[in-house]
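Colleague:
Numbering (the numbering used here), first residue to last: 2 to 196.
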């Protein structure tokens with residue numbers, strides 16, 4: 002018998018065991034094997050919030066994926082450039098930099114709750130600034146080295162919309178400043194407490 006064939010047999014058995022374990026694990030987590038095999042995780046875990054800002058718990062949801070044409074149809078030109086191509090609106094130009102109303106800031110692309118007005122503060126930068134997201138589950142951090150700077154970009158977990166950046170010069174209790182683009186957000190006034 003060929004030595005190559007003999008040495009590859011344990012590898013095939015290990016691969017089969019691994020595949021069977023993967024199938025079992027995916028069945029337990031209720032994630033379709035097809036979605037994982039297709040090369041991307043089409044699911045996200047976010048925390049849902051009521052109109053009053055009360056947590057409704059974690060939910061496993063489909064990620065929102067659309068074509069450039071679909072995003073262009075849904076969004077204004079400014080929101081499209083900022084959320085889909087990591088643009089930045091000029092300081093003091095966005096509708097929410099000076100908003101003091103009570104409510105939630107949701108993703109303009111997929112409506113995921115991102116920030117609560119109770120964590121908004123005056124940063125003097127001309128962009129809406131928050132010391133923390135409504136839930137760490139609802140935002141994703143990534144390194145951004147564009148414009149010759151090293152920054153941490155913030156995106157929406159569910160649809161990958163670019164929101165802005167986070168800096169370490171914010172107030173207590175976190176010391177963070179989530180500097181967001183108004184064009185990436187949709188403000189919704191706080192609703193009545195749900196029963």
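Just so it is clear, CB atoms sit at the ideal spot from N, CA and C, and this is done for glycine as well. Quick caveat: nothing in here was measured; it's all calculated off a predicted structure.
Relative to the C-alpha of residue 45, which candidate in 154, 146, 140 and 191 has its C-alpha closest?
Modeller: 140
Colleague: Do the region 104 to 112 and the region 150 to 162 touch if we need at least three Cβ pairs shorter than 8 angstroms?
Modeller: yes
Colleague: Does DSSP put residue 44 in a helix, a strand or coil?
Modeller: If DSSP states are grouped into helix, strand and coil, residue 44 belongs with the strands.
Colleague: Out of curiosity, what's the CA-to-CA distance linking residue 48 and residue 133?
Modeller: For residue 48 and residue 133, the gap between their C-alpha atoms comes out near 14 angstroms.
Colleague: Does DSSP put residue 58 in a helix, in a strand, or in coil?
Modeller: strand
Colleague: Could you tell me the distance, in whole angstroms, from the CA atom of residue 123 to the CA atom of residue 75?
Modeller: 30 angstroms
Colleague: Using the Cα positions of residue 125 and residue 91, report the straight-line distance between them to the nearest angstrom.
Modeller: 13 angstroms
Colleague: When you compare each of 138, 165, 131 and 137 to residue 144 by their alpha carbons, which one comes out closest?
Modeller: 165
Colleague: Looking at the secondary structure, which residues open and close the alpha helix (DSSP H) in which residue 109 lies?
Modeller: Run containing residue 109: none; DSSP gives neither H nor E here.
Colleague: Leaving out the 5 sequence neighbours to the left and right, which residues in its chain are closer than 7 angstroms to residue 96 when beta-carbon positions are compared?
Modeller: 183
Colleague: What is the DSSP secondary structure of residue 139, counted as helix, strand or coil?
Modeller: helix
Colleague: Does DSSP put residue 81 in a helix, in a strand, or in coil?
Modeller: Note: residue 81 maps to helix in three-state DSSP.
Colleague: Report yes if the C-beta distance between residue 131 and residue 152 is below 9 angstroms; otherwise report no.
Modeller: For residue 131 and residue 152, no; Cβs fall outside 9 angstroms.
Colleague: Does the beta-carbon of residue 181 have 16 or more other beta-carbons within 10 angstroms, so that it is buried, or is it exposed?
Modeller: buried
Colleague: Between which residues of its own chain and residue 60 is the CB-CB distance below 8 angstroms, once the five residues before and five after are set aside?
Modeller: 46, 47, 48 and 49
Colleague: Classify residue 77 as buried or exposed, calling it buried when 16 or more other Cβ atoms lie within 10 Å of its own Cβ.
Modeller: exposed
Colleague: Whole angstroms are fine: how far does the CA of residue 69 sit from the CA of residue 189?
Modeller: In a straight line, the C-alpha of residue 189 is about 26 angstroms away from that of residue 69.
Colleague: Please go through the same chain and pick out, in chain order, the residues whose beta-carbon is closer than 7 angstroms to the beta-carbon of residue 57, but skip the five residues on each side of it.
Modeller: 49, 50 and 51
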